[in-house]
Ligand code: GTP
Ligand code: MG
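Residue numbers (our numbering): -19 to 181.
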C-alpha cells in the first residue's frame, strides 16, 4: 500500500473527543521509548509527523493521523514511563484504557516490543489485559537494526516461547526497524488487507 497522504488530525486525552468519522483505526502502544512515534513516521514517509525523542515520555496524548483519507493511525503515550509522577501515570493509564475499551473504530492494536529486551512484565501484563478485553493485537518488534541480523530470529523465537506460557495461539508479529525502514511493506500490506476485508457501509 502506498501512503500518498498523511495528516495530523487531533490530539486529546478523551476518547469522546476523538474523530467522529467512522474510519478503521490502528493504534500503536508499548513502553515509552520503544519507537511508536518513529514507526508512524517511517510508515508515513515523514520525518516529523509524529513527535519523537530520545527521552522517554515524549508522546503524552492520543494523537490521530489520517492516512489516504481512508483510515487512522493513532500514536499513544508509552506505559511504564519511570519518570512520570504517580498522578501522571494514573491519568495516562485511565485515558489509555478508556481509549481501548471505548473506541469502536479501533480495528487492531500494534503492541511494540524492543527486540533487544527479554520479555518484561509491563508488556506481558498489557497483552493479557488486551486479551481479557477482547482487543485484537499484533506484536511489532522494533529497533531490529540494533542487533546482528543472525540474532533476530533467536530473539523472536525466545519471546514467542515465553508467550506460549500464557497464550494458546500466538499473535501475529512483524519485525521492524524505523532506522532501516525494515518491515514497512509488510505492516502496510497487513493494514491494507484488513481495510479491504472490512465491509463498507
Ligand atoms: P514515547 O512517546 O516517549 O512513549 O516514545 P516512543 O515509543 O514514541 O519512541 P520514539 O519514536 O520517540 O523513539 C524513541 C527513541 O528511539 C528515539 O531516539 C528514536 O530515534 C529511537 N528509535 C526509534 N525507532 C528506532 C529504530 O528502529 N532504530 C533505532 N536505532 N532507533 C530507533
Ligand atoms: Mg511517542
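Virtual Cβ for every residue (Gly too), placed ideally from N, Cα, C. All of these numbers come straight from a predicted model, not from anything done at the bench.
Which residue spans inside the stretch 47 to 107 form an unbroken alpha helix (DSSP H) run of at least 4?
For the stretch 47 to 107, whole alpha helix (DSSP H) runs of length 4 or above, ordered along the chain, are 66 to 82.
Under 8 Å: does the beta carbon of residue 57 sit that close to some heavy atom of ligand 2?
Within the chain shown, the letter at position 77 stands for residue 57. Yes, the Cβ of residue 57 comes within 8 Å of a heavy atom of ligand 2.
Near ligand 1: residue 125 beta-carbon under 8 Å from a heavy atom:
Translated into positions along the chain shown, residue 125 becomes position 145. Yes, the Cβ of residue 125 comes within 8 Å of a heavy atom of ligand 1.
Compute the Euclidean distance between the alpha carbons of residue -15 and residue 16, then round it to the nearest angstrom.
As a position in the chain shown, residue -15 is number 5, starting the count at 1. As a position in the chain shown, residue 16 is number 36, starting the count at 1. Using only the alpha carbons, I get a separation of about 19 Å.
Of all the options 162, 146, 147 and 113, which has the alpha carbon lying nearest to the alpha carbon of residue 129?
For the purposes of this step, residue 129 is identified with residue 149 of the chain shown, where counting begins at 1. Comparing alpha-carbon positions, the option among 162, 146, 147 and 113 lying closest to residue 129 turns out to be 162.
Given a cut-off of 9 Å on the beta-carbon distance, is the pair residue 1 and residue 43 in contact?
Sequence index remark: in the chain shown, residue 1 carries index 21 (1-based). Sequence index remark: in the chain shown, residue 43 carries index 63 (1-based). One thing to note: residue 1 has its Cβ no nearer than 9 Å to the Cβ of residue 43.
What residue does the beta strand (DSSP E) around residue 9 start on, and which one ends it?
Position 29 of the chain shown, counted from the start, is the residue given in the question as residue 9. That run of the beta strand (DSSP E) goes 5 to 10.
So, using beta-carbon positions, are residue 119 and residue 91 closer together than 9 Å?
Taking the chain shown and counting its residues from 1, the one referred to as residue 119 is at position 139. Taking the chain shown and counting its residues from 1, the one referred to as residue 91 is at position 111. Yes. Within cutoff.
Same chain only: Cβ atoms within 8 Å of residue 178, ignoring 5 sequence neighbours per side:
If you number the chain shown from 1, residue 178 lands on position 198. Closer than 8 Å at the Cβ level, and outside the excluded window around residue 178, lie 4 and 87.
Delimiting residues of the beta strand (DSSP E) encompassing residue -9:
By 1-based counting over the chain shown, the position of residue -9 is 11. Here the beta strand (DSSP E) through residue -9 covers -14 to -8.
If we call anything under 9 Å between Cβ atoms a contact, is residue 57 one with residue 76?
Numbered from 1 along the chain shown, position 77 holds the residue referred to as residue 57. Numbered from 1 along the chain shown, position 96 holds the residue referred to as residue 76. Yes; because the gap between Cβ atoms is below 9 Å, this pair is in contact.
Straight-line CA distance for residue 112 to residue 136?
In the chain shown, counting from the first residue as 1, residue 112 sits at position 132. In the chain shown, counting from the first residue as 1, residue 136 sits at position 156. Taking the straight line joining both Cα atoms gives about 24 Å.
Applying the criterion that 16 or more other CB atoms from any shown protein chain within 10 Å of the CB defines a buried residue, is residue 52 buried or exposed?
Here the question's residue 52 lines up with position 72 in the chain shown. Counting Cβ neighbours within 10 Å, residue 52 comes out buried, since at least 16 surround it.
For residue 151, which residues from the same chain have a beta carbon less than 7 Å from its beta carbon, with the 5 sequence-adjacent residues on both sides left out?
Sequence index remark: in the chain shown, residue 151 carries index 171 (1-based). Within the same chain, residue 151 has close Cβ partners 117, 118 and 119.
Simplified DSSP assignment, three categories, for residue 167:
Taking the first residue of the chain shown as position 1, residue 167 is located at position 187. Helix, per DSSP.
Can you list, in chain order, the residues of its chain whose CB lies under 8 Å from that of residue 215, leaving out five sequence neighbours each side?
Outside the displayed range of the chain (-19 to 181) lies residue 215, so it cannot be described from this structure.
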